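Trainee: In terms of the numbering used here, the sequence shown opens at residue 1 and continues consecutively.
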Amino acid sequence: MKLYVHLLDEMLQEVLDRYHENRGGFPSSIVIYRTGVEEGLYPSVLRYEVPLIEDCISKKAPNVPFTLIAANKQHNFRMTPEYIDPRARAVDQNVRPGTIIDTHAVHPVFNQFYLVSHLAIQGTAKPVKYTVLQSTEDEKDLSMDKLERLTNDLTHKYQIVKSPVSFPAPVRVADDYAKRGRQIYKILYRPPSEHSGSPGPEEAEAANVYLAESQRYNFAHRPLLRNKRTNA
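1) For the beta strand (DSSP E) holding Val116, just list the boundary residues, first then last.
2) In this structure, does DSSP put Leu133 in helix, strand or coil?
3) Note down the Cα distance separating His6 from Val15, rounded to an integer number of angstroms.
4) Let me know the secondary structure DSSP gives Ala70 once reduced to three states.
5) Within its chain, find whatever has a CB closer than 8 angstroms to the CB of Leu46; leave out the 5 residues flanking it on each side and keep chain order.
6) Buried or exposed for Glu205, going by 16 or more other Cβ atoms inside 10 Å?
7) Taking Cβ positions, are Lys157 and Ala174 nearer each other than 8 angstroms?
8) Along the alpha helix (DSSP H) that carries Val91, what are the first and last residues, could you check?
9) Quickly, what does DSSP pair Tyr48 with across the bridge? List them, please.
10) Whole angstroms are fine: how far does the CA of Asp145 sit from the CA of Leu115?
11) Kindly list the residues whose CB is nearer than 7 angstroms to the CB of Gly24, restricted to its own chain and excluding five residues on each side of it in sequence; keep chain order.
12) Exposed or buried, Ser166, counting other C-beta atoms within 10 Å across all chains shown (16 or more means buried)?
13) Tell me which residues share the same chain as Gly123 and place their Cβ nearer than 8 angstroms to its Cβ, disregarding the 5 neighbours each side in the sequence.
14) The beta strand (DSSP E) with Pro99 in it runs from where to where?
15) In terms of residues, what are the limits of the beta strand (DSSP E) holding Ile32?
16) Under 6 angstroms Cβ to Cβ from Phe113, same chain only, skipping five residues before and after it: list those, please.
17) Return the CA-CA distance between Pro81 and Ala125, expressed in angstroms with no decimal places.
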């Protein structure tokens, strides 16, 4: 985590600069969804990532509160209706989209909730676990109820499909781009240390080259394409 955490500062600065450029000011509050973090990594996120986020926001947008939420499906928790009609369709045997559990089965320390926002066509719907790792937001401005509603609302913004998806749309879009970038990177360079457990010097150099080429050829500097989605 320490090897790549510095990229978080660069990405956050770019996002804030883009927002300021397009809106003429900085946001009144910031909500960050962090995927790929299991409970065992919470201390590392709090130790390495949160200070970077706080420092970046304090420099770019002083006094703007932020909330950092870990979102993942790496768990065995499931929700089912109290009564299930065995003759019903699979979608009708699951809990309704927008169902939330935020008491009893949640973390004893962190504010946490489970949300099923999507329609499960087959099998039991797997909820996403959302854990608030850090928040400088006043609770009266962003209570857990508001945060849960915001999260559920964002799952309806994916646009490619008419139904809500399992993750908030910004998370889903970012995941699509990350998968695309990883596949391109694998094609361009397959490092010998791929299975060694830690990046070797060849992989680190390849990552730097790939990052430089991405910055050179991506659409961020193309006026007609910079705000268009290309992963639909």
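We put the beta carbon where it would ideally sit given N, CA and C, even for glycine.
Keep in mind that this is a model prediction, so the values were computed, not measured.
Mentor: Inspection of the coordinates gives the following:
1) Segment Asn111 to Val116, the beta strand (DSSP E) holding Val116.
2) Leu133 falls in the strand class under three-state DSSP.
3) For His6 and Val15, the distance between alpha carbons rounds to 15 angstroms.
4) Three-state DSSP puts Ala70 in a strand.
5) Correct list, in chain order: Leu133 and Gln134.
6) The C-beta of Glu205 has fewer than 16 other C-beta atoms within 10 Å across all chains shown, which makes the residue exposed.
7) Not a contact, by the Cβ cut-off of 8 angstroms.
8) Where Val91 is concerned, the enclosing alpha helix (DSSP H) stretches over Ala90 to Gln93.
9) Residue pairing by DSSP leaves Tyr48 without any beta bridge partner.
10) Near 12 angstroms, if we compare the C-alpha coordinates of Asp145 and Leu115.
11) Nothing meets the Cβ criterion.
12) Buried is the call here.
13) Only Ala90 meet the Cβ criterion.
14) Contrary to the premise, residue 99 reads as Thr rather than Pro in this sequence. Note, Thr99: beta strand (DSSP E), Thr99 to Ile101.
15) Bounds of the beta strand (DSSP E) holding Ile32 are Ile30 to Thr35.
16) Excluding the 5 residues flanking it on each side, Phe113 has same chain C-beta neighbours closer than 6 angstroms at Ile100, Asp102, Tyr130 and Glu148, in chain order.
17) A straight line joining the alpha-carbon of Pro81 with that of Ala125 spans about 11 angstroms.
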